[in-house]
Each structure stands twice: as structure tokens, then as C-alpha cells.
Amino acid sequence: MTPPRHRSGRVVCAAFVAAAGTAAIAPAAGAQQDMADVVIETIELESDLFMLMGRGGNMGLSVGDDGAFLIDDQFAPLTEKIQAAVAEVSDHPVRWVLNTHWHGDHTGGNENLGKAGAMIVAHENVYRRMNPAEFADVVGRSEQAPRAALPVVTFEDGVRFHWNGRHIGVTHIGTAHTDGDAIVHFPAADVFHMGDTFFRDRYPFIDVDSGGGVDGVIAAADFVLAQATDATRIIPGHGDLATVADLRAYRDMLATVRERVAGMAADGRSEDEVVAAGPTSDLDAVWGENSERFVRAVYISVTGENQ
Ligand SMILES: [Zn+2]
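The opening residue of the sequence shown carries number 3 in our numbering; numbering runs sequentially from there.
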């Protein structure tokens, strides 16, 4: 058995690392200038509901007389640009920030927005991984965040918001991308934000060191597919706005790779042997050339080596 993996340090998601190189791992020094060229793009889903893209995880935004409700907040140097993007579509500031999980490319703006008066909401395990000083029993990755960056409201299975005239459902689906993922549903708009349980058109990063696992990622896709219509629009954690067909293709890819890797593991093959066997070679043309980290995460998931 592999011993439990204890790691600490800034964690961002694979897509961002691939785009920005090593600067993403240690952004402190060069972050300000690295972010200087970032433009926040606003995609209108309804007149009061938007997807925002900048650098890092995709954001969702509901606006109205109650105040802005923001899903994820990318990196700290982008906060002013994000606030400016909100101001373009609303007279009201950000009152709520809902973190889909704890990674730094989704929570990096928490401290700024928290100090500006936003209430931060997340799964309890987000709070734990961002506050290891109080939770010495956290297994795997964690990183102490400043107090203002921490969630002030946490949930276990889910929570509902009744805000800006909308009913906003937030659901936790077991251990998926991490152990603290939230999927957000705007039923009247037929819109989901799946956080990093969904990477559109690419292999996902499954953070097994933060309690993630491939079966939970598949379950997250199934959860959304079960409620989706042909018109459903899905904000993925990374990648462009997606359709149900995109999510179904992703789910099928996940299930295929999981089945292959589980079969090889059951035959006694090691993690390195499974990687060497190329279990995604016929899929790479569609999903990306570099599947190694994904395959290793699937292997660790199905063998329970991260338990
Ligand atoms: Zn992530």
C-alpha cells in the first residue's frame, strides 16, 4: 500500500497549469504582471445570468436587486477586473461568492471579495482544506488561507439560495474532482455550473490528493445528465460553455477509460505499466495528447491507493 499522500502548497487546475506553465505553481512573484493582459469576457446566458471567463476557473454570475451572486473568483490580481465586469451588468456589488471547490484558480479572489463584504459559501471540506491550522486531520493537500478568504457558511450535502428572484440549487456529489465539489443549478434558466467536475473537450484533472476520484466525476456527470434537456447550457470548470452533447461525450470517455484502467489493475498491472500500455491512445486525438496524469488519477481512484 502506498502511504497517504500529504502535500501542501498552492494547487491550481490542470488547464491553467498547461496554459501558464510553472508560473501557476508559484504565482506570488510574477502574478501581477502575468495577469495584466487578462480580459474578463462576459457571456450572457439570460439578461441577469452570465458566464465570466478570464484566467483560471470559469465563473458564473447572477445579478439583480438583491446583489451579485458569483460562482468562483479566479485569482486575486483579477478581482478588480471581475468587479468591473460585474459593474457592467449590475449596479450592485458581489454579495455572495460560492466556491465550487478549494483550488486556487477558483478561490484566489476570496480574500479581496470577502474584505469587500461578500459572504463566501462552500462545502465544509473546502473550509477544512483552506484552514488546516484548525483541522490537523486533513489528509492530502491543504493550504492555509487568510481568514477573510475562508468560507463563512458551509454545507455538507447541499444548500439552496432564493436570491435575485431565482432558486439556485447547490449540490455536493461525493468525492469527484476533490472531496468538496459543488454543482450549481439555475433550474428556471436551465443552466448548470459544474465546477471542475467537468472539463470540456479535454481530460480532466482529478485531484486524488484532495480526496477526488473518477467514480465521483462520472456520478457528477450523471447527476446533471439526469436533469438536463436538449437546451441545457453547462458552464464547465474549464473550457467553453457546453451543451448536453458535450457532457455526454465526456461522460462516455470517462467511463471508457475507467473500465480499461480498472481491468488492467485487476490483472495485476502497476500504475506505471498501465500508463505505458496507453489506455487512451485511441482517444487522445479528441481529448488531448497528455493523458498521463489523468490515467494515473484513474488508476489511483480504482485501486484505492489514495485512501
Ligand atoms: Zn480544480
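Backbone N, C-alpha and C define an ideal beta-carbon position, used for all residues, glycine too.
For the options V226, G218, D232, the alpha carbon positioned closest to that of H195 is the one of V226.
Going by DSSP, A124 is part of no alpha helix (DSSP H) but of the beta strand (DSSP E) stretching over 121-125. Close CB contacts of D39 within its chain, under the 6 Å cut and outside five residues either way in sequence, are absent. Short of 6 Å from the beta carbon of D203, and not among the five residues preceding or following it, lie these beta carbons of its own chain, in chain order: G241. Contact between I185 and I170 fails: their C-beta atoms lie close to 11 Å from each other, not under 8 Å. The stretch 277-287 makes no contact with the stretch 228-247, as fewer than three CB pairs between them are under 8 Å. DSSP places W98 within a strand segment (E or B) once states are collapsed to three. In this structure, T177 sits near G213, with a CB-CB distance shorter than 7 Å. Under DSSP, the beta-bridge partners assigned to G171 are R162, H187.
With respect to the 7 Å criterion, A251 and D192 are not classified as neighbours on the basis of their beta carbons. When distances are taken from the beta-carbon of H240 to the heavy atoms of ligand 1, even the shortest one reaches 6 Å or more. Within the stretch 210-252, complete beta strand (DSSP E) segments of at least 3 residues are found at 235-237, given in chain order.
For I302, there is no enclosing beta strand (DSSP E); the residue is found in the alpha helix (DSSP H) stretching over 294-305. Between ligand 1 and H105, a heavy atom-to-CB distance of less than 6 Å is present. Residues of the same chain with a CB within less than 7 Å of the CB of A257, apart from the 5 flanking positions on each side, are I220 in chain order. Restricting attention to N127, N112, H105, the CA atom closest to the CA of A120 is found in N112.
For ligand 1, a non-hydrogen atom lies closer than 6 Å to the CB of D198. In the three-state reduction of the DSSP assignment, M266 falls in the helix class. In the DSSP assignment, T44 falls within the beta strand (DSSP E) that extends over 43-48. In terms of Cβ geometry, G59 and L80 do not form a close pair [threshold 7 Å]. For L51, the closest of V276, R262, D107, W165 by C-alpha to C-alpha distance is W165. In terms of Cβ geometry, V216 and V96 do not form a close pair [threshold 7 Å]. Taking 7 Å as the cut-off, the beta carbon of N127 is found closer than this to the beta carbon of G182.
By the criterion of a C-beta distance shorter than 7 Å, T44 is surrounded in its chain by F52, L54, A87, E90, V91, once the five residues flanking it on both sides are discounted. With a 10 Å radius around the Cβ and a threshold of 16 neighbouring Cβ atoms, D93 comes out exposed. For the 7 Å CB-CB criterion, V141 and L115 do not form a contact.
Per DSSP, the unbroken beta strand (DSSP E) holding A70 starts and ends at 70-73.
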